[in-house]
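Visitor: The numbering of the sequence shown is our numbering, which starts it at 113 and goes up by one. For each residue, glycine too, the CB sits at the ideal point set by N, CA and C. Sharing a structure below in structure tokens format, with a few things to ask.
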Amino acid sequence: MLVCEPAAIAVGSSESSVGFERERELSMPGLPAREAGRIRKAGRMSAKPGMQPLAGLPLEARSRIVGVLADIDDTITSEGRLTAAAYTALERLHAAGIKVIPVTGRPAGWCDHIARMWPVDAVVGENGAFWMRYDAQAGRLKTVFVGHPPADRQARIETLAAEILAAVPGCALASDQFCRIADLAIDFCEDVAPLPAAAVDAIVQRMEAAGMRAKVSSIHVNGWFGDYDKLSTTQRLLAEEFGIALENATQREHWIFVGDSPNDVPMFGFFPNSVGVANVLDFVDRLEAKPAWITSARSGAGFVELAEALLAARHAGDAHRGNP
Ligand SMILES: [Mg+2]
């Protein structure tokens with residue numbers, strides 16, 4: 113989301129015209145000079161290698177991918193919309209036999225719809241509070257909650273929400289809060305004017321002081337009671353539903369994660385083939401772990417770019433094996 117840059121997104125913005133000319137001379141294939149410059153700068157800030165253009169991910173590594181784990185907001189969607197191109201990319205991945213699993217901070221009410229109607233194999237929601245999987249043969253939606261919430265969870269969420277709304281001017285209860293079961297979502301950029309980084313930090317601090325874990329997405333601050341996150345629940349989902357042990361480094365290389373925000377950091381740090389859509393650079397100062405690869409396009413167009421790279425590798429493998 114172009115207008116939402118709470119992390120004081122200065123990366124690249126202060127480069128001089130002389131600097132741009134130098135970056136242009138060293139331009140990365142397939143990347144506009146400005147994006148290439150931002151990626152280089154981010155790479156210099158990283159403690160370990162990462163943030164390389166996706167075009168550099170070898171065909172052989174792409175051909176090994178059997179599943180795509182994907183954040184939704186500003187990763188699959190673009191400025192709050194699910195484009196036809198991004199949905200088609202989901203369909204094409206699924207049809208090619210590549211497992212597709214959204215891993216999102218969005219609520220249970222949304223995930224019920226996603227698990228039933230989107231071309232996906234499962235969905236992780238509310239930052240790991242549960243997963244849902246629709247069994248088409250049985251005609252049944254399976255939901256598995258993780259963690260052991262306090263008995264007074266809803267009362268504590270309502271009390272804290274009122275405190276935060278009173279203390280941080282401009283924020284609001286997320287419009288999808290009524291669809292949520294496990295977490296509190298405070299809007300700082302979706303239906304309200306974007307708030308500065310200090311306001312986002314204040315929301316996080318109040319959630320943590322109340323005993324919650326808190327993560328920042330591109331639009332909300334989410335808080336919850338429980339020792340889980342996107343990664344831990346994804347690991348349980350893949351183990352229990354698909355028999356895949358992500359602790360095994362070889363199996364881990366067969367999966368790819370794509371995201372855009374600080375709440376994706378546990379996933380960025382875990383998967384050797386993690387991918388950031390280009391707008392992840394908006395949050396680069398807040399990323400304790402950075403994605404290994406980065407698309408040239410932002411948001412949903414970046415997701416389409418990744419899907420096409422994977423499908424091209426799959427197609428090349430089929431052609432090599434003599435399959436049509
Ligand atoms: Mg996101």
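Is T187 near ligand 2, in the sense that its beta carbon is under 7 Å from a heavy atom of that ligand?
Guide: With respect to ligand 2, the structure offers nothing, as its ligand set consists of ligand 1.
Visitor: Between which two residues does the alpha helix (DSSP H) holding K402 run?
Guide: Here K402 belongs to no alpha helix (DSSP H), and DSSP marks it neither H nor E.
Visitor: Could you tell me which of V328, A390, G429 and A357 sits nearest to P216, measuring between CA atoms?
Guide: Residue identity check: residue 216 is Thr in the sequence provided, not Pro. Cα-wise, what sits closest to T216 is V328.
Visitor: Taking the straight line between their C-alpha atoms, what separation do you get for L423 and P170?
Guide: Straight-line Cα distance between these residues: approximately 13 Å.
Visitor: Determine which residues share a DSSP beta bridge with L285 and list them.
Guide: Its beta-bridge partners are I298.
Visitor: Here's a check: name, in chain order, each residue in its chain whose Cβ is nearer than 7 Å to the Cβ of W230, leaving out the five neighbours to either side.
Guide: Correct list, in chain order: L202.
Visitor: Using C-beta distances below 7 Å, list every residue in its chain close to E320, excluding the 5 sequence neighbours before and after it, in chain order.
Guide: Once the five neighbours on either side are set aside, the close Cβ partners of E320 are A326.
Visitor: Can you tell me whether L418 is buried or exposed, with buried defined as 16 or more other CB within 10 angstroms of its CB?
Guide: Buried is the call here.
Visitor: Helix, strand or coil for H206, going by three-state DSSP, please let me know.
Guide: Note: H206 maps to helix in three-state DSSP.
Visitor: Considering only C-alpha positions, which residue in the set V392, A314 and G388 is nearest to A273?
Guide: Among V392, A314 and G388, the Cα nearest to that of A273 is on A314.
Visitor: Do W405 and L166 count as a contact pair if the criterion is CB distance below 8 Å?
Guide: Cβ atoms of L166 and W405: closer than 8 Å.
Visitor: Just to confirm, are R410 and N391 a CB contact at a threshold of 8 Å?
Guide: Closer than 8 Å, so yes.
Visitor: Taking the C-alpha atoms as reference points, what is the distance between Q317 and V258?
Guide: Rounded to whole angstroms, Q317 to V258 spans 24 Å at the Cα level.
Visitor: Could you tell me the distance, in whole angstroms, from the CA atom of V312 to the CA atom of T407?
Guide: Answer to the nearest angstrom: the Cα atoms are 26 Å apart.
Visitor: Have a look at the DSSP bridge pairing and note the partners of L253.
Guide: Per DSSP, Y246.
Visitor: Need the endpoints of the alpha helix (DSSP H) that S222 sits in, please.
Guide: The sequence as given places Trp at residue 222; Ser does not occur at that position. From DSSP, the alpha helix (DSSP H) with W222 extends over A220 to M229.
Visitor: Anyone know if the C-beta pair for P214 and V232 falls short of 8 Å?
Guide: Going by C-beta atoms, P214 is nearer than 8 Å to V232.
Visitor: From what residue to what residue does the alpha helix (DSSP H) around V377 run?
Guide: Note, V377: alpha helix (DSSP H), V377 to F382.
Visitor: Within 8 Å, do at least three Cβ pairs link the stretch 331-338 to the stretch 353-361?
Guide: The stretch 353-361 is not in contact with the stretch 331-338.
Visitor: Please report the residue range of the alpha helix (DSSP H) in which F354 lies.
Guide: Note, F354: alpha helix (DSSP H), K342 to F354.
Visitor: Identify whether R426 lies in helix, strand or coil by the three-state DSSP scheme.
Guide: Helix, per DSSP.
Visitor: Apply the 10 Å Cβ neighbour rule to K342 and answer buried if 16 or more other Cβ atoms are within range, or exposed otherwise.
Guide: The residue is buried, with at least 16 neighbouring Cβ atoms inside 10 Å.
Visitor: Please determine, among I184, P384, D288 and G323, the residue with the shortest C-alpha to C-alpha distance to G162.
Guide: It is P384 whose Cα lies nearest to the Cα of G162.
Visitor: Using only the heavy atoms of ligand 1, determine whether one of them is closer than 7 Å to the beta carbon of G371.
Guide: Yes, Cβ of G371 sits closer than 7 Å to a heavy atom of ligand 1.
Visitor: Assuming S386 contacts D186 (C-beta within less than 8 Å), just tell me the rounded distance between them.
Guide: That pair is no contact at about 16 Å.
Visitor: Would you kindly work out how many angstroms separate the C-alpha atoms of L445 and G237, rounded to a whole number?
Guide: Absent from the structure is residue 445, since the part of the chain shown begins at 113 and ends at 436.
Visitor: Which residue or residues does DSSP assign as beta-bridge partners of P214?
Guide: Looking at the DSSP assignment, P214 forms a beta bridge with A182.
Visitor: Where do the ends of the beta strand (DSSP E) carrying I276 lie?
Guide: Counting along the chain, I276 falls outside any beta strand (DSSP E), though it belongs to the alpha helix (DSSP H) covering R265 to A279.
Visitor: In the DSSP output, which residue or residues are listed as bridge partners for S442?
Guide: This structure gives no information on residue 442, because the portion of the chain shown stretches from 113 to 436.
Visitor: Quick check: is any heavy atom of ligand 1 less than 7 Å from the C-beta of S287?
Guide: Not so, every heavy atom of ligand 1 lies at least 7 Å from the Cβ.
Visitor: Which whole-angstrom value is the C-beta distance of D288 and W222, which I expect to be below 8 Å?
Guide: Yes, they are in contact, since the Cβ atoms of D288 and W222 sit about 7 Å apart, within 8 Å.
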